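Protein chains in written order, with my numbering: chain A, 1 to 115; chain B, 1001 to 1109; chain C, 2001 to 2244.
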């Protein structure tokens, strides 16, 4: 019946994003590897797949994957800095910067993917 | 659930991956501009020792990193005991390594 | 907030280890009223059997911590006017610990983990030895001082979602204490403590959510202490225990 105010803290949300993006990437990797593995003995199948990805819906989904990757990358760099460098109180600012950078990069991918 | 060895493996694989991920993002944004084709990808990667080492290292690091990360998530959400958690961690790491190795072989060889 | 109603709507969790629920009470509002005052009023005027724990009433003993509107707090140092919200006042026993009865949580696990993390001083001298001179400016003393003012109230333990998800995890308070001791030159337990905090319930399970530092009533930063332990323990492992 009571909500959990501590879970609304920016740094706590950053940890949740890190977890969700990490699990998302771990689920995506086998698919990614399988598709690239097609190049081993079935280049035509790889091309068929790549042609299929050439539409807006898939590009949007790919942008989502790039967002997961960059959120996990920049958020992870914040964690490494927190753990290996002397303490700084500006963790919320760094979490915000990491998320902004991730959105920036994914937007770059999205525009680049547009034909 | 996470002792010193798992922690170090997790953080060192992260340190290795950070520059590789930035490289991967840059290549993606560059390569996707004119659309992707098997020929376009393979012309860049096939026979390249450099890309082979790049993606090979990436696959090793991500297999370790993802296996330990998923271990923590599974434990903290499902509360599985270590006797299940340990083989699960290994299974995830080894499967990713095998599948990833196959993918690298596919685009480099 | 508008002028407070004369009677406060208060929900208090009542029950025991087998379960329970919230009971509603109307408590007369007063000037400078703390949450502990509210609980005490209910116990003295309505529910003589209401169980709760307190001692000093001035924020020194660390025994009156409870969940107040979902947040762990010292009830003796929390003014009602600061936390009274749209839902009124909701008071529950500390999170992440079993309940003994009503608002009294069972602290056994908290202190067991304190011991498991070697959160105790290992003397290196006897009464016959001279006092060890300690410079307040020495870097390890500065580090220890920054984390030393913990009074074991378990507010951080109740705030920590990693403790919620991982029952083996020692939690912020025990590890924060271990960090102060690792920085204490008079302590002789460095190596055993290093093994303790590196074990499977130790510092490496922390996800740096920082809820401990957000809620610590003494404004300590256990997240930074645990990050320090991670560095120390990782370095110690990599150098075969030579780093100190």
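By construction, the Cβ of each residue, glycine as well, lies at the ideal position given by its N, Cα and C atoms. Bear in mind the structure is a predicted one, so any value in this text is a computation, not a measurement.
Closer than 9 Å to chain A by CB, residue i
i	result
residue 2033(C)	no
residue 1025(B)	yes
residue 2002(C)	Interpretation of residue 2002(C) is limited by its pLDDT of 48, a score under 50 that renders its predicted location unreliable; the figure taken from the coordinates is listed afterwards. It does not: the Cβ of residue 2002(C) has no partner Cβ on chain A nearer than 9 Å.
residue 1016(B)	no
residue 2215(C)	yes
residue 2071(C)	yes
residue 2230(C)	yes
residue 2221(C)	yes
residue 2086(C)	no
Simplified DSSP state of residue i, which is helix, strand or coil
i	result
residue 2024(C)	strand
residue 87(A)	coil
residue 35(A)	helix
residue 1093(B)	helix
residue 1020(B)	helix
residue 2142(C)	helix
residue 9(A)	coil
residue 64(A)	helix
residue 2053(C)	coil
residue 2100(C)	strand
residue 1014(B)	helix
residue 2130(C)	coil
residue 2154(C)	coil
residue 4(A)	coil
residue 2105(C)	strand
residue 2213(C)	helix
residue 2207(C)	coil
residue 2223(C)	helix
residue 47(A)	helix
residue 2169(C)	coil
residue 2117(C)	coil
residue 1063(B)	helix
residue 2112(C)	helix
residue 2058(C)	coil
residue 41(A)	coil
residue 2195(C)	helix
residue 1036(B)	coil
residue 77(A)	helix
Cβ of residue i within 9 Å of any chain C Cβ
i	result
residue 1002(B)	yes
residue 17(A)	no
residue 1(A)	Caution is warranted here: a pLDDT of 41 is assigned to residue 1(A), below 50, making its placement in the model unreliable, and no coordinate value can be reported.
residue 1072(B)	yes
residue 62(A)	no
residue 1083(B)	no
residue 6(A)	yes
residue 74(A)	no
residue 33(A)	no
Same chain only: Cβ atoms within 6 Å of residue i, ignoring 5 sequence neighbours per side
i	result
residue 2184(C)	2144
residue 39(A)	46
residue 1061(B)	1013, 1016 and 1017
Beta-bridge pairing of residue i - partner residues as DSSP gives them
i	result
residue 2067(C)	2072(C) and 2092(C)
residue 2085(C)	2088(C)
residue 2034(C)	2079(C)
residue 2123(C)	2187(C)
residue 2230(C)	Paired residues: none, contrary to the question.
residue 2010(C)	2025(C) and 2089(C)
residue 2019(C)	2016(C)
Any C-beta of chain B under 9 Å from that of residue i
i	result
residue 2189(C)	no
residue 2225(C)	no
residue 2006(C)	no
residue 30(A)	yes
residue 97(A)	no
residue 2170(C)	no
residue 54(A)	yes
residue 11(A)	no
residue 88(A)	no
residue 37(A)	yes
8 Å contact criterion, which residue i and residue j should meet: CB distance rounded
i	j	result
residue 1100(B)	residue 1059(B)	3 Å
residue 2076(C)	residue 2058(C)	7 Å
residue 2104(C)	residue 2053(C)	5 Å
residue 2173(C)	residue 2072(C)	Not a contact, Cβ separation roughly 12 Å.
residue 29(A)	residue 1036(B)	About 18 Å separates the two Cβ atoms, so there is no contact after all.
residue 109(A)	residue 1028(B)	6 Å
Beta-carbon contacts of residue i that lie in its chain and below 7 Å, excluding the five residues immediately before and after
i	result
residue 106(A)	63, 66, 67 and 70
residue 2162(C)	2169, 2205, 2206, 2207 and 2209
residue 2203(C)	2175, 2197, 2226, 2229, 2230 and 2233
residue 2199(C)	none
residue 1(A)	Bear in mind that the predicted position of residue 1(A) carries a pLDDT of just 41, short of 50, making it unreliable; the figure below should be weighed with that in mind. Nothing listed; no residue qualifies.
Contacting residues, own chain, Cβ-Cβ under 8 Å from residue i (five flanking each side not counted)
i	result
residue 2001(C)	At residue 2001(C), the pLDDT of 46 sits below 50, so the modelled position is not reliable and the matter cannot be decided from this model.
residue 83(A)	none
residue 2152(C)	2062, 2110, 2111, 2114 and 2173
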